[in-house]
Structure formats: structure tokens, C-alpha cells
Ligand SMILES: [Ca+2]
Ligand SMILES: [Ca+2]
Ligand SMILES: [Ca+2]
Ligand SMILES: [Ca+2]
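In our numbering, the protein residues as written are 18 to 265.
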């Protein structure tokens, strides 16, 4: 099975040449001063990202490791930006529930590095799961899902953000919250929205980009759920990403 090489030198130079406003993460530093890089949302933003360090991704893993890039909506930042001071830890690991999230704001985006193992396209169906924090299926905050093997070339899953949300993340409630008696839950029985790499025709990916589309959904329904009225919690709230078949 094809496994593409992570970020190339050409990709890194493209970051410098084309996205001067973007300060890519040098590492998934978990220290007190660690913050994810930010840039203004540019739709659709599909530039290059830097991967986590080898040290951070040394372990075999099942969940997203860190935010390789973070581009929240400005209004959400100004309103307090829920989770923005602790981005890496809130989006890494298994789903933690309603407040264990980072709010993108309407139009914001984030890139999660799944590590060197990434996610393979298994013939058996879904390959990764995105956990947002919908309280019910009646309150989705959808996002488009893009994937990349090298952090530069991106493929998008079709997302009906102003329709039935088919193909979008942020529509299905999380059933399992780790550390709350959920032993035995698996990636496919924990709720969240599943994605099959077969749909975009690739064998393996390392990065997942989420671009909030809440405004498309709610404006079509006369809803007013976008910034700045959400106390920094506007738009898609990322909890976790799980790989269905790690080390396939
Ligand atoms: Ca598959
Ligand atoms: Ca939400
Ligand atoms: Ca929200
Ligand atoms: Ca989380």
C-alpha cells in the first residue's frame, strides 16, 4: 500500500514563501508557553503545515497528536476563544466531552496531525472519526473535512453544509467520554462522525483539516448561532479525532 513521505523540503519552503503571515508550529510543545500557530481565516485555507516532532509522535497512536495549525475566526478570539490557551491538549487524545474542546469560530479552521502512523484506507469502511460536541442532532455546528498525506496537498470530503450535512463533521453527538466509565468503547462505538478515505481515493493520510461551515447551515435556517454572540464558543468545537485502524 502506498505510503507517502511526510512534509518535504519543498513544502517547508512553500510555507515560508506563500504564507508569510502563518507561523507554523515547530513542535507540539506541551509546555506552559505552548500555543498553536494562528493565521487569519482565508477560505478555503489549504496551505502547508508543519508536522509534530518525532519525539511527540514516537508512540503508536489511535488519536490526533496535536494541532499543526490553528486559524480561528477573529470574532471568536476577541470573545475569549474557548480552549485557545490550551489547544494541543484539548484536541489530542480520546474525546473528553462538551467542554474538552477548542472552538474554531464561524469560518475558522484547524489542522490535526495524526502522527507518522496516520490513517490508512481500510476496505472495511470508515477510517477516522471526528468528535465535535453537538448536544443533540438538532444543534450541529458543521465543518468541512480535508485530508492530506504531506501537509501540502489537500483533498476535501463533500459536505452539504447548507443541506442535510451529509459528509460534514460536527453533526453526531459523542456517546463516550473517556474516564467516565467508558471502558470497552471503540472508535466506531463512541459517536462522532465517521470518514472513509475511499471517498477521496487515497490509501493513507497524516493530516486532517477542519473548516467551520456553521454559518452556511444556520443562515439557511434563520438561526443566529455564529460569532460574536457565543462567548468565544462560536462555530465548530473540536474535541478529538480517532483513527479506526491504527497500525494497519
Ligand atoms: Ca476505508
Ligand atoms: Ca458545538
Ligand atoms: Ca460552538
Ligand atoms: Ca478533547
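A virtual CB, placed ideally from N, CA and C, is assigned to each residue, including glycine.
One Cα belongs to residue 128, the other to residue 87, and the distance between them is close to 6 Å. Residue pairing from DSSP places residue 80 in a beta bridge opposite 259.
By the 16-neighbour rule on beta-carbons within 10 angstroms, residue 170 is exposed. When only Cα atoms are considered, residue 155 and residue 113 end up about 21 Å apart. Near ligand 3, residues with a Cβ at less than 7 Å from any of the ligand's heavy atoms are 120, 158, 247, 250, 251, 252, 253, 254; the list follows chain order. With the rule of 3 Cβ pairs closer than 8 Å, the segment 163–180 does not count as touching the segment 253–264. In the three-state DSSP reduction, residue 233 falls in the helix class (H, G or I). Taking the Cβ of residue 91 as the reference point, every heavy atom of ligand 2 lies at 7 Å or farther away. The beta carbon of residue 250 is closer than 6 Å to those of 99, 120 in its chain, skipping five residues each way along the sequence. DSSP, read as helix, strand or coil, puts residue 141 in coil. Residue 93 sits away from residue 146, with the two beta carbons spaced by 8 Å or more. Looking at 228, 216, 190, the one whose alpha-carbon comes closest to that of residue 253 is 228. The secondary-structure analysis by DSSP pairs residue 226 across a beta bridge with 128, 163. If you look at residue 191, you'll find it isn't in any alpha helix (DSSP H); DSSP assigns it neither H nor E. Judged by DSSP secondary structure, residue 211 falls outside any alpha helix (DSSP H) and instead within the beta strand (DSSP E) spanning 210–212. Around the beta carbon of residue 178, a 10 Å sphere encloses 16 or more other beta carbons of the protein chains shown; the residue is thus reported as buried.
Taking all protein chains in view, the Cβ of residue 126 is crowded by 16 or more other Cβ atoms within 10 Å, so the residue is classified as buried. Restricted to the segment 95–121, the alpha helix (DSSP H) segments that are unbroken, complete and at least 4 residues in length are 104–108, listed in chain order.
Around the beta carbon of residue 237, a 10 Å sphere encloses fewer than 16 other beta carbons of the protein chains shown; the residue is thus reported as exposed. With fewer than 16 neighbouring CB atoms inside 10 Å of its own CB, residue 183 falls in the exposed class.
Excluding its 5 nearest sequence neighbours in each direction, residue 216 has C-beta neighbours in its own chain below 7 Å: 174, listed in chain order. Counting of Cβ neighbours within 10 angstroms places residue 152 among the exposed residues, the total staying below 16.
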